[in-house]
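Read through the structure below, which is laid out as structure tokens, and then see the notes.
In our numbering, the protein residues as written are 314 to 930.
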């Protein structure tokens with residue numbers, strides 16, 4: 314989950330439904346007035362509509378559009394931005410996502426199905442119907458924003474994502490929708506209504522993902538074309554057959570060695586025939602080049618989209634095209650990728666140069682053998698699951714495989730994420746809803762991760778058990794999410810499973826069939842169920858390591874180590890000769906009570922510190 318690029322491509326435009334009954338409440342009056350001024354009878358004469366918009370925002374220009382059925386759930390939204398085309402859709406049954414490569418992936422994890430139902434609800438304007446399309450609608454207090462006064466309704470469609478709708482109190486036209494989406498809240502503003510065949514259509518839309526004004530998306534209507542009702546197949550997932558990949562020996566499979574550093578998977582990748590470059594392999598990430606790698610390869614990018622993950626920060630993300638990756642004997646050509654500074658050389662201890670993510674994993678059966686430290690990609694037709702381990706079905710939540718399971722017996726949905734270095738992180742909404750802080754008093758608030766969003770903080774404790782399908786793991790080092798922004802404030806899933814837990818197994822992900830297999834490795838598993846005993850988070854620095862976080866009452870705090878201190882030697886060894894990954898592991902597995910001698914530089918003064926390791930959880 315080192316990088317998540319969240320598109321708000323869904324265009325929630327007005328459409329039609331059946332005539333409503335005589336209003337009997339303030340909410341009924343608001344909706345009846347909106348139907349009248351929007352031309353509800355004109356909408357009802359048509360079966361479908363295609364709306365096309367000019368797009369400008371986040372450093373990109375292009376075209377976006379939506380085609381939807383007016384009388385039944387079904388839509389396809391599309392975009393052509395930065396030289397990358399993509400789409401998402403819903404045929405009333407299947408939610409799907411199409412990448413720039415043409416790759417199509419069914420959705421169903423997280424809130425993807427709920428969001429599709431809500432978009433279809435808005436497309437059809439089911440709130441105009443006498444039964445309000447089965448939604449529960451509540452009148453909220455009116456609002457003002459300096460330019461107008463608005464009647465506000467809270468709408469909870471059956472099976473959909475609840476949202477707020479603001480209607481202009483004077484014109485009765487829809488002014489905005491506010492829809493929670495994953496960890497974000499998407500506000501879409503509608504204005505400049507003009508008639509087309511008697512129906513009022515907003516010619517201007519602004520989509521605000523809530524990450525800063527620079528990321529707002531401005532859409533101006535180019536055309537609106539009405540047509541008859543469409544069969545559901547028009548809105549179903551398009552066929553996809555990859556034709557941009559090949560294996561050098563024709564075997565349909567390749568295996569490469571990997572390094573496990575900071576509990577992340579790294580291996581060598583050639584890009585556009587050059588390299589190799591050191592890439593992280595992240596099942597839930599995107600295919601990415603860092604800006605330095607892109608510059609070295611002469612790969613030009615455009616745009617400044619919001620890139621985020623765990624942690625609070627958002628970084629500008631560009632789009633680039635025509636990139637070729639080579640992993641072992643596998644070559645994938647002409648890829649659309651992202652360019653962003655997801656890496657932190659200080660946090661990892663070395664410079665990451667790119668990421669292989671979902672767009673590669675989605676194509677193949679992937680075998681991650683943490684025992685042999687090998688990574689295998691194979692064509693689905695070559696895979697025999699008989700010795701792969703316990704089968705666990707999953708659904709895709711955007712790019713992440715999401716499985717059903719339990720934490721200490723409490724049901725939940727858990728993302729499988731090799732981009733996470735920890736064992737398990739539970740989302741803040743889940744922790745709060747279940748009162749888990751009160752039932753886990755032995756723990757510590759600390760930095761336990763670092764990614765594109767910067768440092769990620771959790772309350773780290775021990776969980777009794779985690780189940781993933783039929784597989785149970787006991788004594789799980791668990792972080793309770795405490796960040797106010799980022800991936801772990803998403804209420805639509807309950808937890809994120811990282812490599813430190815997954816490395817107990819040979820992990821096989823069959824993306825085409827949406828099944829994960831877990832085959833236990835022989836015990837003992839290095840580093841399993843351990844947690845830091847030093848009491849600080851350190852990053853690499855020119856003279857060794859810099860202390861960037863100190864936990865209260867931990868070993869470091871007891872020894873007088875402070876944030877900003879630099880560690881220049883450990884047990885007499887020059888810190889510059891020790892890797893971040895190695896020293897973090899050492900501080901996890903070295904027995905309690907061990908005294909580690911540190912040479913610490915504070916405000917230009919060097920001193921010797923005895924760090925007595927102790928458990929924090």
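No residue lacks a Cβ here, since even glycine has one placed at the ideal position from N, Cα and C.
In chain order, what residues of the same chain lie with their CB nearer than 7 Å to the CB of residue 350, ignoring the 5 residues before and after it?
Cβ neighbours of residue 350 beyond the five flanking positions: 484, 485, 486, 513.
What beta strand (DSSP E) runs, 3 residues minimum, are completely inside the stretch 724-799?
737-739, 757-764, 767-781, 784-794
For residue 858 and residue 875, what's the separation of their Cα atoms in angstroms?
Counting only the Cα atoms, residue 875 lies some 13 Å from residue 858.
My assumption, with CB atoms under 8 Å, is that residue 617 sits in contact with residue 384. Please give the rounded CB distance.
Between residue 384 and residue 617 the Cβ distance is about 40 Å, and since that is not below 8 Å, they are no contact.
Residues near residue 658 by beta carbon distance below 8 Å, same chain, minus five either side:
664, 665, 853.
Report the residue from 648, 545, 687, 362 whose alpha carbon sits nearest the alpha carbon of residue 537.
362
Excluding the 5 residues preceding and the 5 following residue 710 in the sequence, name in chain order all residues of the same chain whose CB lies nearer than 6 Å to its CB.
Here the set comprises 422, 423.
Measure how close the beta-carbons of residue 740 and residue 803 come, nearest whole angstrom, since I'm counting them as under 8 Å.
With 8 Å as the limit, residue 740 and residue 803 qualify as a contact, their Cβ atoms being about 6 Å apart.
Using the beta-carbon count (16 or more within 10 Å), is residue 845 buried or exposed?
Buried is the call here.
Selected residue, minimal CA-CA separation from residue 594, among 587, 783, 575:
575
Can you determine whether any heavy atom of the ligand SAM sits closer than 8 Å to the C-beta of residue 801, and answer yes or no?
Ligands in the displayed structure: none, and consequently the ligand SAM is not present.
DSSP three-state call for residue 871: helix, strand or coil?
helix
Based on DSSP bridge pairs, tell me the residues matched to residue 394.
DSSP lists 375, 397 as the bridge partner or partners of residue 394.
My understanding is that residue 690 touches residue 643, with C-beta atoms under 8 Å, so please give their C-beta distance in whole angstroms.
6 Å
In or out: residue 427 buried (at least 16 other Cβ within 10 Å) or exposed?
buried
Any chance the stretch 628-638 sits against the stretch 648-658, with 3 or more Cβ pairs inside 8 Å?
yes
Checking 9 Å against the spacing of the C-beta atoms, do residue 339 and residue 452 come in under that value?
yes
Let me know if residue 890 comes out buried or exposed under the rule of 16 or more other beta-carbons within 10 Å of its beta-carbon.
exposed
Classify residue 878 as helix, strand or coil using the three-state DSSP reduction.
coil
Grouping DSSP H, G and I as helix and E and B as strand, with all else coil, what is residue 672?
helix
If you drop the 5 nearest sequence neighbours on each side, which residues of the same chain put their C-beta closer than 7 Å to that of residue 884?
The beta carbon of residue 884 lies closer than 7 Å to those of 909, 910 in the same chain, with the five residues before and after it left out.
If you drop the 5 nearest sequence neighbours on each side, which residues of the same chain put their C-beta closer than 6 Å to that of residue 843?
Shown here for residue 843: same chain residues with a beta carbon closer than 6 Å to its own, the five before and five after excluded, namely 901, 902 in chain order.
Does the beta-carbon of residue 598 have 16 or more other beta-carbons within 10 angstroms, so that it is buried, or is it exposed?
Its Cβ being crowded by 16 or more others within 10 Å, residue 598 is buried.
Does the distance from the CB of residue 773 to the CB of residue 867 come in under 9 Å?
no
Have a look at residue 753 and residue 851 and give me their C-alpha separation to the nearest angstrom.
26 Å
Would the stretch 564-578 and the stretch 674-689 be scored as touching if the rule is three or more Cβ pairs under 8 Å?
yes
Let me confirm a value: residue 929 is counted as buried when at least 16 other C-beta atoms fall within 10 Å, else exposed. Which label applies?
buried
Helix or strand or just coil, what does DSSP make of residue 653?
coil
For residue 848, which residues from the same chain have a beta carbon less than 7 Å from its beta carbon, with the 5 sequence-adjacent residues on both sides left out?
863, 864, 867, 868, 869, 870, 929
Let me make sure I understand the geometry here. Which of 589, 495, 499 has the alpha-carbon closest to that of residue 478?
When 589, 495, 499 are compared, the shortest CA-CA separation from residue 478 is found for 499.
The alpha helix (DSSP H) enclosing residue 934, as first and last residue numbers
Examination of residue 934 is not possible in this model, given that the chain is present from 314 through 930 alone.
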